[in-house]
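Take a look at the structure set out below.
Protein chains: 2
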Amino acid sequence: MSTQTRREQEKEALRSLILDKARAIFVRDGYDQFNMRRLAAEIDYSPGTIYLHFANKAELFQCIVSESFAHLAQHLAKFGAESTRDPVAALKHSLRYYVDFGVRNPNDYRFAFMMERPPENGPSRIDPTFDGLRRSVRRCVEAGLFKTNDVDLATQTIWATIHGVTSLQIQKPSFPWVPQKKLIAQVIDAVVDGLARDDDKKGNG
Amino acid sequence: MSTQTRREQEKEALRSLILDKARAIFVRDGYDQFNMRRLAAEIDYSPGTIYLHFANKAELFQCIVSESFAHLAQHLAKFGAESTRDPVAALKHSLRYYVDFGVRNPNDYRFAFMMERPPENGPSRIDPTFDGLRRSVRRCVEAGLFKTNDVDLATQTIWATIHGVTSLQIQKPSFPWVPQKKLIAQVIDAVVDGLARDDDKKGNG
DNA sequence: TTCACATTATGAACGTTGTTCAGCGAAGTC
DNA sequence: GACTTCGCTGAACAACGTTCATAATGTGAA
Chain A
1 MSTQTRREQE
11 KEALRSLILD
21 KARAIFVRDG
31 YDQFNMRRLA
41 AEIDYSPGTI
51 YLHFANKAEL
61 FQCIVSESFA
71 HLAQHLAKFG
81 AESTRDPVAA
91 LKHSLRYYVD
101 FGVRNPNDYR
111 FAFMMERPPE
121 NGPSRIDPTF
131 DGLRRSVRRC
141 VEAGLFKTND
151 VDLATQTIWA
161 TIHGVTSLQI
171 QKPSFPWVPQ
181 KKLIAQVIDA
191 VVDGLARDDD
201 KKGNG
Chain B
1001 MSTQTRREQE
1011 KEALRSLILD
1021 KARAIFVRDG
1031 YDQFNMRRLA
1041 AEIDYSPGTI
1051 YLHFANKAEL
1061 FQCIVSESFA
1071 HLAQHLAKFG
1081 AESTRDPVAA
1091 LKHSLRYYVD
1101 FGVRNPNDYR
1111 FAFMMERPPE
1121 NGPSRIDPTF
1131 DGLRRSVRRC
1141 VEAGLFKTND
1151 VDLATQTIWA
1161 TIHGVTSLQI
1171 QKPSFPWVPQ
1181 KKLIAQVIDA
1191 VVDGLARDDD
1201 KKGNG
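Chains A and B, in that order, give the protein sequences.
For the first sequence, counting from 1, position 135 maps to 135 in the numbering used here; every step adds exactly one.
When you read off a place in the second sequence, starting at 1, and then add 1000, the result is the number in the numbering used here.
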């Protein structure tokens, strides 16, 4: 193994160590409790070292969250690609998966969709996630099951809706919610049924 | 006018000055750009003076945002109280007002519903807002226009939904949205129609 | 008028952040 | 063995929220 190669591997290993430890702190303590000095201490390096691998805190977080969302996007894409007899049921399945993902990974979800950040240039990180949803919705539209033919309008309506439940469950855990499963199911049913043609919307819940 | 009274008035005046200027900065530059030193500079007092009127930054913001939300709650309560022939149309009206309010007061809305803050003890600040919505929903339920009889389930479903549009419009202005008015109308129609009984849900959009 | 007190304002200072950078030592190269 | 390259250090900087000893000011009584 050349010196060059070994150096690159060691560099990559440290980068991974930083990412893993950062994720651990992030998940354990949340965004606000996270800071570069603590991270440095936990990996037994000086704060400056982190900046040899990541430009700043924001980029570091970007990397952490991208990993999580790659998984989400992958699953949503899978659901969207499935050719099924019942596209509406498949869509609802995707939506349940989406909400569950958010609720189970609140810190990732919060960072991706709920935090104030400078406007992104170029394709945003949410695109793959959104595309997975869009594909599921398109199947419904193409099957003539929705009132509207506007795929983007339908997708954005649905996305906005399920983002609503997801983010509120994350943000306001102390609110006197009805049981979470019930609420999530109701939101999904309501919005999808609301978009569906009247003659097709029974028996899909 | 007694000395005591005058002092209290002057104190109140300075408190108002702080609040007004803080609101101006908050609205102009957003939460992240806001800081106590800048606020102090803009009102020509030292930073310490602010702390004679507000315990800390969070409490100061609480006061600012409460003012805005008092207005929102007031309007929603008004809609909820109206006895109307068409409770569903009235509900949709409330929802449009809610979303418009959020989109027009993004910094207030963000602070109230989209920011990580320590869990609130006692009745939360969102209660009055939520109650206004709840009243509109209850009218629909009591008129037998919804599939469910669970007022809380229906209200929370609707709230989650419209919070979704509102927060995403605020949070992701650079996303390639369909026209905002169209999206908002679609979300409101979809969720309310989805909750409504099939035989009642035509002609309410 | 004078003096003691209460109130209000100050701004230096503290602790905590994210981030930078001159310099250090070890490893690699000739 | 001398020179270069590299990763790493940790002190230092700036910005922040917040505190506190001190000063300034006005008030009411003597």
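Beta carbons are placed, not taken as given, at the ideal position from N, Cα and C, and that holds for glycine.
| field | Coil, strand or helix - residue 11/A by DSSP | value | As a first step, residue 11/A must be located in the first sequence, where it is residue number 11. Under the three-state reduction of DSSP, residue 11/A is assigned to helix.
| request: Report the neighbours of residue 1053/B on chain A: residues whose CB is nearer than 8 Å to its CB, in chain order. | output: On the second sequence, position 53 is the one that residue 1053/B refers to. Within chain A, no residue has its CB atom less than 8 Å from the CB of residue 1053/B, the nearest being about 25 Å off.
| Which whole-angstrom value is the C-beta distance of residue 1194/B and residue 191/A, which I expect to be below 8 Å? | The residue given as residue 1194/B occupies position 194 in the second sequence. The residue given as residue 191/A occupies position 191 in the first sequence. Here residue 1194/B really is in contact with residue 191/A; their C-beta atoms are around 6 Å apart, less than 8 Å.
| task | Would you mind sorting residue 70/A into buried or exposed? The rule is 16 or more other CB atoms within 10 Å of its CB. | result | By 1-based counting over the first sequence, the position of residue 70/A is 70. Residue 70/A comes out exposed.
| request: Give a yes or no on contact between the stretch 95-114 of chain A and the stretch 138-153 of chain A, applying the rule of three or more CB pairs nearer than 8 Å. | output: Result no; under three Cβ-Cβ pairs closer than 8 Å.
| field | Cβ-based contacts, 9 Å cut-off: residues of the stretch 1055-1074 of chain B near chain A | value | Listed in sequence order: no entries.
| Close-in-space but distant-in-sequence residues of the same chain around residue 1141/B (CB under 7 Å, 5 per side omitted) | As a position in the second sequence, residue 1141/B is number 141, starting the count at 1. Take residue 1141/B, set aside five residues on each side of it, and the residues of its chain with a beta-carbon closer than 7 Å to its own are 1149, 1151, 1154, in chain order.
| said: Less than 9 Å between the beta carbons of residue 1112/B and residue 1187/B, yes or no? | reply: Indexing the second sequence from 1 puts residue 1112/B at position 112. Indexing the second sequence from 1 puts residue 1187/B at position 187. Not a contact, by the Cβ cut-off of 9 Å.
| Could one say the Cβ of residue 1190/B lies closer than 9 Å to chain A's Cβ atoms, at least one of them? | For the purposes of this step, residue 1190/B is identified with residue 190 of the second sequence, where counting begins at 1. Yes - at least one Cβ of chain A is within 9 Å of the one on residue 1190/B.
| task | Assign residue 1080/B to one of two classes, buried (16 or more other C-beta atoms within 10 Å of its C-beta) or exposed (fewer than that). | result | Here residue 1080/B corresponds to residue number 80 of the second sequence, with the count starting at 1. Residue 1080/B is buried by the Cβ-count criterion.
| field | Bounding residues of the alpha helix (DSSP H) (the contiguous stretch that carries residue 1052/B) | value | Taking the first residue of the second sequence as 1, we reach residue 1052/B at position 52. Residue 1052/B -> no alpha helix (DSSP H), and no H or E assigned at all.
| Measuring CB to CB, does residue 1160/B end up less than 9 Å from residue 161/A? | For the purposes of this step, residue 1160/B is taken as residue 160 along the second sequence, with counting starting at 1. For the purposes of this step, residue 161/A is taken as residue 161 along the first sequence, with counting starting at 1. Yes. Within cutoff.
| Can you tell me whether residue 1208/B is buried or exposed, with buried defined as 16 or more other CB within 10 angstroms of its CB? | Residue 1208/B lies beyond the residue range present for chain B, which begins at 1001 and ends at 1205; the question has no answer from this structure.
| query | What separation, rounded to the nearest whole angstrom, lies between the Cα atoms of residue 1100/B and residue 1166/B? | reply | As a working note, residue 1100/B is residue 100 in the second sequence. As a working note, residue 1166/B is residue 166 in the second sequence. Straight through space, the alpha carbons of residue 1166/B and residue 1100/B are spaced by roughly 8 Å.
| request: Flag this pair as touching only if the stretch 1173-1183 of chain B and the stretch 1007-1016 of chain B have three or more C-beta atom pairs under 8 Å; answer yes or no. | output: The stretch 1007-1016 of chain B and the stretch 1173-1183 of chain B do not touch, with fewer than three beta-carbon pairs separated by less than 8 Å.
| query | What number of angstroms, rounded off, separates the C-alpha of residue 48/A from the C-alpha of residue 37/A? | reply | Residue numbering aside, residue 48/A sits at position 48 when the first sequence is read from its first letter. Residue numbering aside, residue 37/A sits at position 37 when the first sequence is read from its first letter. Per the coordinates, the alpha-carbon of residue 48/A lies some 9 Å from the alpha-carbon of residue 37/A.
| task | Quick one: list the residues of chain B neighbouring residue 129/A, beta-carbon separation under 9 Å, in chain order. | result | Sequence index remark: in the first sequence, residue 129/A carries index 129 (1-based). Result: empty, since nearest Cβ-Cβ is about 12 Å, beyond 9 Å.
| field | Length at least 4, wholly inside the stretch 131-193 of chain A: the alpha helix (DSSP H) runs in chain order | value | Entirely contained in the stretch 131-193 of chain A, the alpha helix (DSSP H) runs reaching 4 residues are, in chain order, 151-171.
| task | Could you list which residues in chain A have their beta carbon closer than 7 Å to that of residue 1168/B, in chain order? | result | Position 168 of the second sequence, counted from the first residue, corresponds to residue 1168/B. Simply 160, 163.
| field | Beta-bridge pairing of residue 22/A - partner residues as DSSP gives them | value | By 1-based counting over the first sequence, the position of residue 22/A is 22. Paired residues: none, contrary to the question.
| field | Closest by C-alpha distance to residue 1060/B, when choosing among 1015/B, 1078/B, 1087/B | value | By 1-based counting over the second sequence, the position of residue 1060/B is 60. It is 1015/B whose Cα lies nearest to the Cα of residue 1060/B.
| message | The alpha helix (DSSP H) that contains residue 1033/B, what's its start and end? | response | Locating residue 1033/B in the second sequence gives position 33, counting from the first residue. Segment: none, residue 1033/B is in no alpha helix (DSSP H) and carries neither H nor E.
| By how many angstroms is the C-alpha of residue 144/A removed from the C-alpha of residue 1203/B? | Taking the second sequence and counting its residues from 1, one reaches residue 1203/B at position 203. Taking the first sequence and counting its residues from 1, one reaches residue 144/A at position 144. A caution first: residue 1203/B carries a pLDDT of 48, below 50, which makes its placement in the model too unreliable to give a value.
| task | Kindly list the residues whose CB is nearer than 8 Å to the CB of residue 46/A, restricted to its own chain and excluding five residues on each side of it in sequence; keep chain order. | result | If you number the first sequence from 1, residue 46/A lands on position 46. Excluding positions up to five away in sequence, the list reads 40.
| task | Report the rounded CA-to-CA distance for residue 33/A versus residue 1023/B, giving the unit in angstroms. | result | Mapped onto the first sequence, residue 33/A falls at position 33. Mapped onto the second sequence, residue 1023/B falls at position 23. One C-alpha to the other measures close to 27 Å.
| said: Can you tell me which residues form a DSSP beta bridge with residue 1196/B? | reply: Within the second sequence, residue 1196/B is the residue found at index 196, counting from 1. Beta-bridge analysis with DSSP links residue 1196/B to 1146/B.
| field | Rounded separation between residue 1172/B and residue 2/A - CA only | value | In the second sequence, the residue the question calls residue 1172/B occupies position 172. In the first sequence, the residue the question calls residue 2/A occupies position 2. Cα to Cα, the separation comes out at about 47 Å.
| Using a C-beta cutoff of 9 Å, does residue 1114/B count as contacting chain A? | Here residue 1114/B is taken as the residue at index 114 of the second sequence, counted from 1. Interface residue, yes.
| Presumed contact (8 Å Cβ cut-off) between residue 72/A and residue 136/A, rounded CB distance | On the first sequence, position 72 is the one that residue 72/A refers to. On the first sequence, position 136 is the one that residue 136/A refers to. The C-beta distance from residue 72/A to residue 136/A rounds to 13 Å, too long to fall under 8 Å, and the pair is not in contact.
| field | For residue 94/A, the first and last residue of its enclosing alpha helix (DSSP H) | value | Against the first sequence, residue 94/A aligns to sequence position 94. For residue 94/A, the enclosing alpha helix (DSSP H) starts and ends at 87-104.
| field | Under the three-state DSSP convention, the category residue 59/A falls into | value | For the purposes of this step, residue 59/A is taken as the residue at position 59 of the first sequence. In this structure, residue 59/A counts as helix in the three-state DSSP scheme.
| task | For residue 1017/B, I'd like the list of residues in its chain whose CB is within less than 6 Å of its CB, leaving aside the five on either flank, ordered along the chain. | result | Sequence index remark: in the second sequence, residue 1017/B carries index 17 (1-based). So the qualifying residues of the chain are 1043.
| task | Would you decide whether residue 1157/B is buried or exposed? Buried here means 16 or more other CB atoms lie within 10 Å of its CB. | result | Along the second sequence, one-based indexing puts residue 1157/B at 157. Counting Cβ neighbours within 10 Å, residue 1157/B comes out buried, since at least 16 surround it.
| Is there at least one Cβ from chain A nearer than 9 Å to residue 1018/B's Cβ? | Here residue 1018/B corresponds to residue number 18 of the second sequence, with the count starting at 1. False, the Cβ-Cβ gap to chain A never drops below 9 Å.
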